[in-house]
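**Student:** Start counting the sequence shown at 13; every next residue gets the next number (my numbering).
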Amino acid sequence: MFFTYQVIITAILAFSFLILVANFITFKPLGGYGVTRRFSAAEAPMVSVLVPARNEARNIASCLRSLLRQDYPNFEVIVLDDGSEDATEAIVESLAREDLSHRLRIVSGQELPPGWLGKNFACHQLSLYAEGDYLLFTDADTVHGIRAISSSIAALEDTNCDFLSIFPRQITFSLAERLAVPLMMLYVVGLLPTWLVKRSKNAAFSAANGQFMFYRRVAYEAIGGHGAVRGAVLEDVIMGQRIKKAGFKQLLPDGTDTVTCRMYHSSNEVWNGFSKNIYAFFGFKLYWIILFLASNILIFIGPYFWLLFGWLTQRPNNITWLWLPLAQIVLAWLIRLGIAIRFGFRGIDIFLHPISIIYMVFIAINSVRWRKRGVQWKGRTYGKMKDEG
Numbered sequence: 013m014f015f016t017y018q019v020i021i022t023a024i025l026a027f028s029f030l031i032l033v034a035n036f037i038t039f040k041p042l043g044g045y046g047v048t049r050r051f052s053a054a055e056a057p058m059v060s061v062l063v064p065a066r067n068e069a070r071n072i073a074s075c076l077r078s079l080l081r082q083d084y085p086n087f088e089v090i091v092l093d094d095g096s097e098d099a100t101e102a103i104v105e106s107l108a109r110e111d112l113s114h115r116l117r118i119v120s121g122q123e124l125p126p127g128w129l130g131k132n133f134a135c136h137q138l139s140l141y142a143e144g145d146y147l148l149f150t151d152a153d154t155v156h157g158i159r160a161i162s163s164s165i166a167a168l169e170d171t172n173c174d175f176l177s178i179f180p181r182q183i184t185f186s187l188a189e190r191l192a193v194p195l196m197m198l199y200v201v202g203l204l205p206t207w208l209v210k211r212s213k214n215a216a217f218s219a220a221n222g223q224f225m226f227y228r229r230v231a232y233e234a235i236g237g238h239g240a241v242r243g244a245v246l247e248d249v250i251m252g253q254r255i256k257k258a259g260f261k262q263l264l265p266d267g268t269d270t271v272t273c274r275m276y277h278s279s280n281e282v283w284n285g286f287s288k289n290i291y292a293f294f295g296f297k298l299y300w301i302i303l304f305l306a307s308n309i310l311i312f313i314g315p316y317f318w319l320l321f322g323w324l325t326q327r328p329n330n331i332t333w334l335w336l337p338l339a340q341i342v343l344a345w346l347i348r349l350g351i352a353i354r355f356g357f358r359g360i361d362i363f364l365h366p367i368s369i370i371y372m373v374f375i376a377i378n379s380v381r382w383r384k385r386g387v388q389w390k391g392r393t394y395g396k397m398k399d400e401g
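(1) Check each candidate in Lys-261, Ile-72, Ala-352, Gly-243 and name the one with the smallest Cα separation from Asp-98.
(2) DSSP three-state call for Phe-87: helix, strand or coil?
(3) Count the other CB atoms within 10 Å of the CB of Arg-254; is the residue buried (16 or more) or exposed (fewer)?
(4) List the residues that DSSP assigns as beta-bridge partners of Ile-118.
(5) Thinking C-beta only, is Asp-83 closer than 8 Å to Arg-159?
(6) State the DSSP-derived secondary structure class of Tyr-199, mapped to helix, strand or coil.
(7) Tell me whether the beta-carbon of Leu-62 lies closer than 8 Å to the beta-carbon of Ser-139.
(8) Answer yes or no: do Tyr-45 and Ser-163 have a C-beta to C-beta separation smaller than 8 Å?
(9) Let me check understanding here. Comparing Cα to Cα, which of Ile-90, Leu-79, Gly-252, Gly-322 lies closest to Tyr-227?
(10) Can you check whether the CB of Trp-333 is closer than 8 Å to the CB of Trp-318?
(11) Does the Cβ-Cβ distance between Asp-94 and Gly-130 come in under 8 Å?
(12) Decide if the segment 170-188 is in contact with the segment 209-225; the criterion is three or more beta carbon pairs, one per stretch, under 8 Å apart.
(13) Would Asp-170 be called buried (16 or more neighbouring beta carbons within 10 Å of its own) or exposed?
(14) Is Ala-344 closer than 8 Å to Leu-25 when the C-beta atoms are compared?
(15) Considering Phe-286, what are the terminal residues of the alpha helix (DSSP H) in which it resides?
(16) Is there contact between the segment 264-271 and the segment 150-157, where contact requires at least three CB pairs shorter than 8 Å?
(17) Please say whether Val-241 and Tyr-146 have beta carbons closer to each other than 8 Å?
(18) Are three or more beta carbon pairs between the segment 189-202 and the segment 357-376 nearer than 8 Å?
(19) Compare the Cα-Cα distances from Ile-370 to each of Val-342, Phe-296, Trp-283 and report the closest residue.
(20) Taking one C-beta from the segment 106-119 and one from the segment 19-37 each time, how about it: are there three or more such pairs within less than 8 Å?
(21) Which one or two residues does DSSP pair with Cys-273 in a beta bridge?
(22) Helix, strand or coil, according to DSSP, for Pro-265 in the structure here?
(23) Helix, strand or coil: how does DSSP classify Gly-401 here?
(24) Specify, as a first and last residue, the run of the alpha helix (DSSP H) that Met-58 falls within.
(25) In the DSSP assignment, find the beta strand (DSSP E) that holds Ser-177 and state where it starts and stops.
(26) Whose C-beta lies closer than 6 Å to the C-beta of Val-249 among residues of the same chain, with five residues either side of it excluded?
(27) Give me the residue from Ile-362, Ala-234, Gly-121, Ala-53 with the minimum Cα distance to Asn-67.
(28) Between which two residues does the beta strand (DSSP E) containing Arg-228 stretch?
(29) Beta-carbon within less than 7 Å of Ser-4's beta-carbon, same chain only, minus the 5 sequence neighbours each way: which residues are those?
(30) Note down the Cα distance separating Tyr-199 from Phe-29, rounded to an integer number of angstroms.
(31) Which value, in whole angstroms, describes the spacing of the CA atoms of Ala-23 and Thr-16?
(32) By a C-beta neighbour count over all protein chains shown, 10 Å radius and 16 as the cutoff for buried, is His-136 buried or exposed?
(33) To the nearest whole angstrom, what separates the beta carbons of Gly-239 and Ile-347, a pair I think is in contact under 8 Å?
(34) Using CA coordinates, which residue listed in Val-209, Lys-213, Val-19, Arg-229 is at the minimum distance from Phe-149?
(35) Quick one: measure Cβ to Cβ for Leu-42 and Ala-167, integer angstroms, because I've assumed they're closer than 8 Å.
(36) Is it buried or exposed, Met-397, if we count other Cβ atoms within 10 angstroms and call 16 or more buried?
Here is the structure:
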């Protein structure tokens with residue numbers, strides 16, 4: 013029985029490794045679309061770049077400068093200051109005065125109504141100001157390559173899709189960032205066959221990241237925009253699913269060649285940010301998150317335990333206690349190494365993988381705890397979190 017268990021764990025890791033390899037082969041970079049295409053001002057559809065910003069003085073200037081340098085000829089950039097308590101508004105106003113193209117403008121957000129989460133309401137307001145045929149919602153902590161807009165337009169036109177989202181290259185410095193952030197990519201490209209995001213109509217094969225959400229406006233409005241997910245913590249994931257459920261086509265390119273993002277700058281931000289999101293990802297269903305955590309412990313922590321137990325009980329040559337756990341550890345390292353190479357993480361951090369899993373388990377437990385007491389995020393306290401699928 014125990015031998016069967018070890019074979020199953022090894023098979024799961026081997027299958028994940030094969031998915032990873034297949035994803036890397038089929039995962040086309042966003043910058044690979046429309047490389048030779050040049051849009052003229054006359055033919056280029058209008059793109060509205062929409063940036064919700066609350067207390068983003070640390071990031072907003074770099075983000076906006078990268079957006080204003082785009083090689084696309086027909087776009088506007090609208091920043092909504094969502095009640096910032098720092099210098100965000102002053103920084104954006106200064107950049108707007110410097111912008112000779114007059115593409116950048118700032119608007120003030122309204123007071124948050126009952127039933128809305130802050131970012132969702134900010135994005136909803138931005139959509140009402142937007143004039144574009146295409147809408148790009150992007151976070152203030154992103155930095156965009158010069159062809160981010162033109163590549164996105166080309167990608168949707170070349171594939172006849174209606175919506176695309178990317179996972180930017182994630183910048184990590186602190187130990188907490190290095191432990192937690194790469195796991196996000198592990199679960200995306202190590203579990204989800206990314207080639208099915210475009211090919212399958214099933215909403216289960218969907219992935220979206222609120223750091224970069226690019227819509228044809230008709231598709232955005234058809235799914236109800238952010239008004240349809242006003243109280244959802246993971247509005248990006250749910251909107252990606254709604255796109256498919258409404259019959260529209262979704263594209264998931266590799267965005268690491270085009271956009272960078274540093275999500276968090278401290279262990280406290282990592283803890284709070286992932287605590288806000290993990291339980292919501294499982295629809296606030298306790299049995300799903302228990303299953304997820306148990307699976308991670310068995311698959312990624314278990315091999316070290318069984319290897320140590322086999323050594324202490326003097327079973328060094330037994331396939332069940334030595335070779336299968338070793339194979340599991342090596343497969344996990346190979347998966348993490350592939351993710352590190354492809355997405356720009358530190359290769360040495362693959363050896364921190366079991367610590368990463370333990371850290372994630374504690375964050376997930378805290379995420380469940382937060383479900384009952386509410387969430388504090390960017391100076392706001394939200395009541396009991398909910399999911400709006």
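Idealized CB from N, CA, C, for every residue including glycine.
This structure is a prediction, so every number in the text was calculated from the model and none was measured.
**Tutor:** Short version:
(1) If you number the sequence shown from 1, residue 98 lands on position 86. Comparing Cα positions, the closest option is Ile-72.
(2) Walking along the sequence shown from the start, residue 87 turns up at place 75. The answer is strand: DSSP assigns Phe-87 an E or B state.
(3) Counting from 1 along the sequence shown, the entry for residue 254 is found at position 242. So Arg-254 ends up on the buried side.
(4) If you number the sequence shown from 1, residue 118 lands on position 106. Ile-118 pairs with Val-91.
(5) Residue numbering aside, residue 159 sits at position 147 when the sequence shown is read from its first letter. Residue numbering aside, residue 83 sits at position 71 when the sequence shown is read from its first letter. Yes, Cβ-Cβ distance for Arg-159 and Asp-83 is below 8 Å.
(6) Along the sequence shown, one-based indexing puts residue 199 at 187. Tyr-199: helix per DSSP, three-state reduction.
(7) The count along the sequence shown starts at 1 and reaches residue 62 at position 50. The count along the sequence shown starts at 1 and reaches residue 139 at position 127. It is a contact, given that the beta carbons lie within the stated cut-off.
(8) Mapped onto the sequence shown, residue 45 falls at position 33. Mapped onto the sequence shown, residue 163 falls at position 151. For Tyr-45 and Ser-163, yes; Cβs fall inside 8 Å.
(9) Within the sequence shown, numbered from 1, the residue matching residue 227 stands at position 215. Considering only alpha carbons, the answer is Gly-252.
(10) Within the sequence shown, numbered from 1, the residue matching residue 318 stands at position 306. Within the sequence shown, numbered from 1, the residue matching residue 333 stands at position 321. Yes, they are a contact pair.
(11) If you number the sequence shown from 1, residue 94 lands on position 82. If you number the sequence shown from 1, residue 130 lands on position 118. Going by C-beta atoms, Asp-94 is nearer than 8 Å to Gly-130.
(12) yes
(13) Here residue 170 corresponds to residue number 158 of the sequence shown, with the count starting at 1. It is exposed - the Cβ of Asp-170 has fewer than 16 other Cβ atoms within 10 Å.
(14) Numbered from 1 along the sequence shown, position 13 holds the residue referred to as residue 25. Numbered from 1 along the sequence shown, position 332 holds the residue referred to as residue 344. Contact flag set, yes.
(15) Here residue 286 refers to the residue found at position 274 of the sequence shown. Unbroken alpha helix (DSSP H) run through Phe-286: 279-293.
(16) yes
(17) Along the sequence shown, read from residue 1 onward, the residue named residue 146 stands at position 134. Along the sequence shown, read from residue 1 onward, the residue named residue 241 stands at position 229. The answer is no: Cβ separation not under 8 Å.
(18) yes
(19) Reading the sequence shown from its first residue, position 358 is the one you call residue 370. Out of Val-342, Phe-296, Trp-283, Trp-283 has the C-alpha closest to the C-alpha of Ile-370.
(20) no
(21) Taking the first residue of the sequence shown as position 1, residue 273 is located at position 261. Thr-154, Gln-182, per the DSSP bridge assignment.
(22) Numbered from 1 along the sequence shown, position 253 holds the residue referred to as residue 265. The answer is coil: DSSP assigns Pro-265 none of H, G, I, E or B.
(23) For the purposes of this step, residue 401 is taken as residue 389 along the sequence shown, with counting starting at 1. Residue confidence is low: Gly-401 scores 48 on pLDDT, short of 50, so the model does not pin down where it sits. No coordinate-derived value is stated.
(24) Mapped onto the sequence shown, residue 58 falls at position 46. Where Met-58 is concerned, there is no enclosing alpha helix (DSSP H), given that its DSSP letter is neither H nor E.
(25) Taking the first residue of the sequence shown as position 1, residue 177 is located at position 165. Ser-177 -> beta strand (DSSP E) spans 175-177.
(26) Translated into the one-based positions of the sequence shown, residue 249 becomes position 237. Same-chain partners within the cutoff: Ala-220.
(27) Mapped onto the sequence shown, residue 67 falls at position 55. Looking at the Cα atoms, Gly-121 is the closest of the given residues.
(28) Residue numbering aside, residue 228 sits at position 216 when the sequence shown is read from its first letter. Segment 224-228, the beta strand (DSSP E) holding Arg-228.
(29) Residue 4 falls outside the range modelled here, since the chain spans only 13 to 401, and no answer is possible.
(30) Position 187 of the sequence shown holds residue 199. Position 17 of the sequence shown holds residue 29. The straight-line gap from Cα to Cα measures roughly 12 Å.
(31) The sequence position of residue 23 within the sequence shown is 11, counting from 1. The sequence position of residue 16 within the sequence shown is 4, counting from 1. Computed Cα separation, rounded: 10 Å.
(32) Residue mapping note: residue 136 aligns to position 124 of the sequence shown, counting from 1. Answer is buried; the Cβ neighbour count reaches 16.
(33) Reading the sequence shown from its first residue, position 227 is the one you call residue 239. Reading the sequence shown from its first residue, position 335 is the one you call residue 347. About 39 Å separates the two Cβ atoms, so there is no contact after all.
(34) By 1-based counting over the sequence shown, the position of residue 149 is 137. Nearest option by C-alpha distance: Arg-229.
(35) Taking the first residue of the sequence shown as position 1, residue 42 is located at position 30. Taking the first residue of the sequence shown as position 1, residue 167 is located at position 155. That belief holds up - the Cβ atoms of Leu-42 and Ala-167 are roughly 6 Å apart, short of 8 Å.
(36) Within the sequence shown, residue 397 is the residue found at index 385, counting from 1. Bear in mind that the predicted position of Met-397 carries a pLDDT of just 49, short of 50, making it too unreliable to give a figure here.
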